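**Q**
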Amino acid sequence: MNKPLRGKRSPLASVGLHVTLLTAAVIAVFPPLWLLVTSFKPKNDAFTTGLVSNFTFANYRHVVADTQFLTWFGNSVVVVGVTTVLGVFVAATTGYAVSRFRFPGMRPLMWLLLITQMFPVAVLIVPLYNLMASLGLLNQPAGLVITYLTIAVPFCAWMMKGFFDTIPVEIDEAGRVDGLNPFGTFWRLVLPLARPGLAVTGFYTFVTAWAEVAYASAFMTGEENLTLAGGLQTFVNQYLNDWGSMTAAAVIIAVPAALVFAFAQRHLVAGLTAGTTKG
Amino acid sequence: MSRARRKAAASAGAPGRVRKALATHWYAWTMVAPVVLVIGVIIGYPLVRGLYLSLTDANEANVERNIGMNHIPATYRFTGLDNYTEILGDGVFWSRLGWTVVWTVACVGLTFAIGLTLANLLNRKLRGRTFYRLALILPWAIPAFVSVFTWRLLYNEKNGLLNKLLAGGGIDAVPWLNDPTWAKLSVIAVNVWLGVPFMLVALLGGLQSIPGELYEAAEMDGAGAWQRFRNITLPSLRGVSSTVILLSTIWTFNMFPVIYLLTRGGPGDATEILVTYAYRLSFVDSPRDFSGSAAWGVLILLLLSMIAVVYRRSLRKQGEVW
Numbered sequence: 001m002n003k004p005l006r007g008k009r010s011p012l013a014s015v016g017l018h019v020t021l022l023t024a025a026v027i028a029v030f031p032p033l034w035l036l037v038t039s040f041k042p043k044n045d046a047f048t049t050g051l052v053s054n055f056t057f058a059n060y061r062h063v064v065a066d067t068q069f070l071t072w073f074g075n076s077v078v079v080v081g082v083t084t085v086l087g088v089f090v091a092a093t094t095g096y097a098v099s100r101f102r103f104p105g106m107r108p109l110m111w112l113l114l115i116t117q118m119f120p121v122a123v124l125i126v127p128l129y130n131l132m133a134s135l136g137l138l139n140q141p142a143g144l145v146i147t148y149l150t151i152a153v154p155f156c157a158w159m160m161k162g163f164f165d166t167i168p169v170e171i172d173e174a175g176r177v178d179g180l181n182p183f184g185t186f187w188r189l190v191l192p193l194a195r196p197g198l199a200v201t202g203f204y205t206f207v208t209a210w211a212e213v214a215y216a217s218a219f220m221t222g223e224e225n226l227t228l229a230g231g232l233q234t235f236v237n238q239y240l241n242d243w244g245s246m247t248a249a250a251v252i253i254a255v256p257a258a259l260v261f262a263f264a265q266r267h268l269v270a271g272l273t274a275g276t277t278k279g
Numbered sequence: 001m002s003r004a005r006r007k008a009a010a011s012a013g014a015p016g017r018v019r020k021a022l023a024t025h026w027y028a029w030t031m032v033a034p035v036v037l038v039i040g041v042i043i044g045y046p047l048v049r050g051l052y053l054s055l056t057d058a059n060e061a062n063v064e065r066n067i068g069m070n071h072i073p074a075t076y077r078f079t080g081l082d083n084y085t086e087i088l089g090d091g092v093f094w095s096r097l098g099w100t101v102v103w104t105v106a107c108v109g110l111t112f113a114i115g116l117t118l119a120n121l122l123n124r125k126l127r128g129r130t131f132y133r134l135a136l137i138l139p140w141a142i143p144a145f146v147s148v149f150t151w152r153l154l155y156n157e158k159n160g161l162l163n164k165l166l167a168g169g170g171i172d173a174v175p176w177l178n179d180p181t182w183a184k185l186s187v188i189a190v191n192v193w194l195g196v197p198f199m200l201v202a203l204l205g206g207l208q209s210i211p212g213e214l215y216e217a218a219e220m221d222g223a224g225a226w227q228r229f230r231n232i233t234l235p236s237l238r239g240v241s242s243t244v245i246l247l248s249t250i251w252t253f254n255m256f257p258v259i260y261l262l263t264r265g266g267p268g269d270a271t272e273i274l275v276t277y278a279y280r281l282s283f284v285d286s287p288r289d290f291s292g293s294a295a296w297g298v299l300i301l302l303l304l305s306m307i308a309v310v311y312r313r314s315l316r317k318q319g320e321v322w
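Chains A and B, in that order, give the protein sequences. For what it's worth, UniProt numbering labels the leading residue of the first sequence as 1, then goes sequentially. For what it's worth, UniProt numbering labels the leading residue of the second sequence as 1, then goes sequentially.
(1) One question on the structure: do B/Leu308 and B/Gly50 come within less than 8 Å of each other, judged by their Cβ atoms?
(2) For the 8 Å Cβ check, are there 3 or more pairs between the segment 231–244 of chain B and the segment 136–156 of chain B?
(3) Mind listing the chain B neighbours of A/Val90? Cutoff is C-beta to C-beta under 8 Å, in chain order.
(4) Determine, using beta carbons only, whether A/Pro32 comes closer than 8 Å to chain B.
(5) Taking the alpha carbon of B/Val258 as the reference point, which residue from B/Ser186, B/Leu81, B/Gly91, B/Ile43 has its own alpha carbon closest?
(6) Have a look at A/Trp111 and B/Phe283 and give me their C-alpha separation to the nearest angstrom.
(7) CA-CA distance, A/Thr227 and A/Asn75?
(8) State the start and end residues of the unbroken alpha helix (DSSP H) segment that holds B/Asn191.
(9) Can you check whether the C-beta of A/Val63 is within less than 8 Å of a C-beta belonging to chain B?
(10) Do the segment 64–71 of chain B and the segment 38–45 of chain B touch if we need at least three Cβ pairs shorter than 8 Å?
(11) Three-state secondary structure (DSSP) at B/Arg127?
(12) Run through the DSSP bridge pairs and tell me what B/Phe78 is partnered with.
(13) For B/Glu60, which residues of its own chain have a beta-carbon under 6 Å away from its beta-carbon, when the five flanking residues on both sides are left out?
(14) DSSP on B/Arg65, reduced to helix/strand/coil?
(15) Which chain B residues sit within Cβ distance under 8 Å of A/Tyr96?
(16) Using a Cβ-Cβ distance cut-off of 8 Å, determine whether B/Asn254 contacts chain A.
(17) Considering only the beta carbon of each residue, do B/Thr56 and B/Thr79 sit closer than 8 Å?
(18) From A/Ala142 to A/Asn181, what does the alpha carbon distance come to, in whole angstroms?
(19) What's the gap between the Cα of B/Lys20 and the Cα of B/Met31?
(20) For the candidate residues A/Leu21, A/Leu198, A/Tyr239, A/Phe206, whose alpha-carbon lies nearest to that of B/Leu200?
(21) Which of the three DSSP states is assigned to B/Val174 in this structure?
(22) Beta carbon of residue 324 of chain B, beta carbon of A/Ala25: below 8 Å?
(23) Suppose contacts are defined by Cβ-Cβ distances below 8 Å. Is B/Gly292 in contact with B/Thr276 by that definition?
(24) With 16 as the cutoff for other CB atoms within 10 Å, does B/Ser11 come out buried or exposed?
(25) Between which two residues does the alpha helix (DSSP H) carrying B/Asn163 extend?
(26) When DSSP labels each residue in this structure, what does A/Val213 get in the three-state scheme?
(27) How long is the line joining the alpha carbons of A/Ala249 and A/Asn241, rounded to whole angstroms?
(28) With a threshold of 8 Å between beta-carbons, can B/Gly170 be considered close to chain A, or not?
(29) Give the secondary structure of B/Asn83 by DSSP, where H, G and I count as helix, E and B as strand, and everything else as coil.
(30) Measuring alpha carbon to alpha carbon, tell me which residue in B/Val298, B/Leu121, B/Arg17 is nearest A/Arg9.
(31) Using the Cβ count rule (16 or more neighbours within 10 Å means buried), how would you classify B/Ala217?
(32) I believe B/Pro46 touches B/Asn178 by the beta-carbon criterion, under 8 Å. Please report the beta-carbon distance rounded to the nearest angstrom.
(33) What's the gap between the Cα of A/Thr93 and the Cα of A/Val153?
(34) With DSSP as the reference, label B/Ile72 as helix, strand or coil.
(35) Relative to the alpha-carbon of residue 332 of chain B, which residue among B/Pro143, B/Val240, B/Leu81, B/Asn83 has its alpha-carbon at the smallest distance?
(36) Which residues of chain B have a Cβ atom closer than 7 Å to the Cβ of A/Thr49, listed in chain order?
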């Protein structure tokens with residue numbers, strides 16, 4: 001933090017500063033807040049401008065009891081959970097290798113990781129769809145897990161490299177002296193130190209997978225196979241306008257993501273800047 | 001390694017070198033193997049196959065498929081560059097490309113400008129810093145598709161909150177998502193709203209790593225706030241900003257959920273960007289046009305690679321090592 005302004009700000013500048021930040025904060029917070037407010041209104045009041053006048057849990061009850069929402073939620077949890085665990089592990093080993101070893105093929109690999117960021121859904125989705133179909137993985141969680149790994153892992157590996165770069169190499173050397181092989185050093189010494197990095201990559205993977213729409217919409221069909229991204233679309237579409245259910249479902253979907261975010265946000269700044277500046 | 005053995009290895013030539021490389025690097029290679037494998041199978045194979053499909057006339061009616069017990073073999077043919085000449089000769093591609101470029105430039109430009117402004121404001125001694133920071137990154141904590149549905153609620157033409165507020169001020173309802181121009185502005189607004197937190201966090205991190213002494217020295221020399229910003233802040237942020245701008249350009253160019261869920265590319269195809277159009281060809285429209293969709297995808301990939309190469313070269317010219 002820099003402190004060159006040692007109390008030199010004029011009162012007017014202070015007011016301007018707070019007004020700007022407050023406006024921005026309101027714009028940032030308002031839509032989610034409005035979602036929350038709307039979810040507690042009776043179905044027919046979804047579009048009233050006031051705050052809640054007839055507070056009700058009816059939307060939540062309806063969504064949980066009368067729709068397939070819990071099934072979708074379960075599908076999402078399975079897909080996202082497995083993706084996160086596998087993704088973090090794979091990204092960590094890759095990041096470590098790229099950070100510590102100089103090996104033939106390293107530079108192309110770094111490039112590959114960056115370039116995969118560029119592959120649009122559009123190029124891959126049709127062949128991937130056909131591949132999944134021929135392997136019998138359409139409508140299977142495994143199909144989505146594999147797909148999501150390819151989205152999350154390259155960027156996470158990149159971030160993990162940034163984290164490992166900040167851990168002194170002397171620790172590895174000490175491990176080597178004590179007779180640990182590189183895997184042991186990685187697993188026993190370096191990985192525990194990289195916990196903030198693991199949290200950030202875990203967070204990123206979780207959020208990416210939790211929020212993915214295109215593949216989920218294309219690969220999962222049939223009400224009982226949808227994930228949340230697909231399920232939410234069923235409440236409000238060209239045939240149906242069930243805003244009450246949509247808002248309640250949306251709140252339930254947003255809460256786990258927000259919790260994970262709150263848990264990881266402390267490390268997030270360090271993680272992202274480590275990843276972006278040292279990349 | 002003894003001298004004799006080294007000589008033996010050298011005389012063994014290539015296989016010896018391979019063995020030696022394996023011996024020294026197998027740890028590293030084992031560690032990166034899963035990523036290489038996953039990327040190879042799930043990105044490499046579909047990529048090659050996508051390239052191939054784009055050179056055929058594959059669609060829903062002629063690909064290999066099973067109907068009940070019957071296995072129907074593929075009957076699509078290799079058609080060379082026909083798809084590409086057709087797409088490039090057609091106005092649709094160019095008008096979608098035009099809008100995609102406008103969309104990307106507007107979103108990245110606005111997101112960066114707003115993110116940088118807010119990061120600068122937050123990087124001061126300030127009461128309520130933590131509160132502001134948390135509030136400002138909240139949009140990031142919520143899955144994009146949830147936010148997009150929330151915005152649809154706000155944008156609703158007849159009953160949405162935005163129009164009701166306008167009505168309160170005596171202003172006519174705005175057809176947020178039903179008029180081509182308004183729809184374009186609306187999708188950009190939502191994407192900027194979604195993208196600012198990432199910029200803010202990354203740039204704030206960059207700002208905090210600038211040593212305070214630099215500013216003190218500049219202030220001592222009588223540099224004004226604007227001069228300090230131009231001569232210290234901006235150059236120091238080069239590394240972070242060049243990376244986040246490139247990433248966010250690529251992400252925005254391919255931003256699927258915002259457009260798909262907010263407007264489905266409509267009204268008409270006013271807000272359809274290249275990616276959503278390609279998706280529409282193979283998963284929304286009927287019959288599904290697999291080869292056309294693949295060709296669009298390949299063109300998108302070519303465009304993005306060009307952006308990345310040009311961008312990297314321009315950074316290099318400015319003496320950036322990246």
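For each residue, glycine too, the CB sits at the ideal point set by N, CA and C. The structure presented is a predicted model; accordingly, all values stated were derived computationally and were not measured.
**A** Short version:
(1) Here residue 308 of chain B corresponds to residue number 308 of the second sequence, with the count starting at 1. Here residue 50 of chain B corresponds to residue number 50 of the second sequence, with the count starting at 1. Here the sequence assigns Ala to residue 308 of chain B, which means Leu is not the residue at that position. No, the Cβ-Cβ distance between B/Ala308 and B/Gly50 is not below 8 Å.
(2) no
(3) Residue numbering aside, residue 90 of chain A sits at position 90 when the first sequence is read from its first letter. Neighbours of A/Val90 on chain B, chain order: Pro34, Val35, Val38.
(4) On the first sequence, residue 32 of chain A is found 32 positions in, with the first residue counted as 1. Cβ-Cβ to chain B under 8 Å: yes for A/Pro32.
(5) Taking the second sequence and counting its residues from 1, the one referred to as residue 258 of chain B is at position 258. The residue with the shortest Cα to Cα distance from B/Val258 is B/Ser186.
(6) Locating residue 111 of chain A in the first sequence gives position 111, counting from the first residue. Locating residue 283 of chain B in the second sequence gives position 283, counting from the first residue. So the two alpha carbons sit approximately 31 Å from each other.
(7) Here residue 227 of chain A refers to the residue found at position 227 of the first sequence. Here residue 75 of chain A refers to the residue found at position 75 of the first sequence. Cα to Cα, the separation comes out at about 6 Å.
(8) On the second sequence, residue 191 of chain B is found 191 positions in, with the first residue counted as 1. Per DSSP, B/Asn191 belongs to the alpha helix (DSSP H) from 180–208.
(9) Translated into positions along the first sequence, residue 63 of chain A becomes position 63. Cβ-Cβ to chain B under 8 Å: no for A/Val63.
(10) no
(11) Position 127 of the second sequence, counted from the first residue, corresponds to residue 127 of chain B. B/Arg127: coil per DSSP, three-state reduction.
(12) By 1-based counting over the second sequence, the position of residue 78 of chain B is 78. DSSP lists B/Thr56 as partners of B/Phe78.
(13) On the second sequence, position 60 is the one that residue 60 of chain B refers to. Here the set comprises Pro287, Arg288.
(14) Within the second sequence, the letter at position 65 stands for residue 65 of chain B. Here B/Arg65 sits in strand by DSSP.
(15) What you label residue 96 of chain A is simply residue 96 of the first sequence in a count that begins at 1. Ordered by position in chain B, the residues that pass the 8 Å Cβ test against A/Tyr96 are Met31.
(16) One-based indexing of the second sequence puts residue 254 of chain B at position 254. By this cut-off, B/Asn254 is an interface position.
(17) Counted from its first residue, the second sequence places residue 56 of chain B at position 56. Counted from its first residue, the second sequence places residue 79 of chain B at position 79. It is a contact, given that the beta carbons lie within the stated cut-off.
(18) For this step, residue 142 of chain A is matched to residue 142 along the first sequence. For this step, residue 181 of chain A is matched to residue 181 along the first sequence. Taking the straight line joining both Cα atoms gives about 33 Å.
(19) Residue 20 of chain B sits at position 20 when you count from the first residue of the second sequence. Residue 31 of chain B sits at position 31 when you count from the first residue of the second sequence. About 18 Å.
(20) By one-based count along the second sequence, residue 200 of chain B stands at place 200. Ranking A/Leu21, A/Leu198, A/Tyr239, A/Phe206 by Cα distance to B/Leu200 puts A/Leu21 first.
(21) Position 174 of the second sequence holds residue 174 of chain B. Here B/Val174 sits in coil by DSSP.
(22) The displayed coordinates of chain B run from 1 to 322. Any statement about residue 324 of chain B would go beyond what the structure contains.
(23) Residue mapping note: residue 292 of chain B aligns to position 292 of the second sequence, counting from 1. Residue mapping note: residue 276 of chain B aligns to position 276 of the second sequence, counting from 1. No, the pair does not count as a contact, with Cβ atoms beyond the cut-off.
(24) The sequence position of residue 11 of chain B within the second sequence is 11, counting from 1. Because the pLDDT of B/Ser11 is 48, which lies under 50, any placement of that residue in the model is unreliable, and the number read from its coordinates should be weighed accordingly. Under this definition B/Ser11 is an exposed residue.
(25) Position 163 of the second sequence, counted from the start, is the residue given in the question as residue 163 of chain B. Looking at the DSSP string, the run of the alpha helix (DSSP H) that includes B/Asn163 is 161–168.
(26) By one-based count along the first sequence, residue 213 of chain A stands at place 213. Three-state result, A/Val213: coil.
(27) Reading the first sequence from its first residue, position 249 is the one you call residue 249 of chain A. Reading the first sequence from its first residue, position 241 is the one you call residue 241 of chain A. Cα to Cα, A/Ala249 sits roughly 14 Å from A/Asn241.
(28) Numbered from 1 along the second sequence, position 170 holds the residue referred to as residue 170 of chain B. No, B/Gly170 does not count as interfacial toward chain A.
(29) Counting from one through the second sequence, the residue named residue 83 of chain B turns up at place 83. Note: B/Asn83 maps to helix in three-state DSSP.
(30) For this step, residue 9 of chain A is matched to residue 9 along the first sequence. Out of B/Val298, B/Leu121, B/Arg17, B/Leu121 has the C-alpha closest to the C-alpha of A/Arg9.
(31) As a position in the second sequence, residue 217 of chain B is number 217, starting the count at 1. With fewer than 16 other Cβ atoms within 10 Å, it is exposed.
(32) Along the second sequence, one-based indexing puts residue 46 of chain B at 46. Along the second sequence, one-based indexing puts residue 178 of chain B at 178. 36 Å between Cβ atoms; not a contact.
(33) Here residue 93 of chain A refers to the residue found at position 93 when the first sequence is read from its first residue. Here residue 153 of chain A refers to the residue found at position 153 when the first sequence is read from its first residue. Approximately 11 Å between the Cα atoms of the pair.
(34) Here residue 72 of chain B refers to the residue found at position 72 when the second sequence is read from its first residue. Looking at B/Ile72 - three-state DSSP - the assignment turns out to be strand.
(35) This structure gives no information on residue 332 of chain B, because the portion of chain B shown stretches from 1 to 322.
(36) On the first sequence, residue 49 of chain A is found 49 positions in, with the first residue counted as 1. Per Cβ cutoff of 7 Å: Leu161, Lys164.
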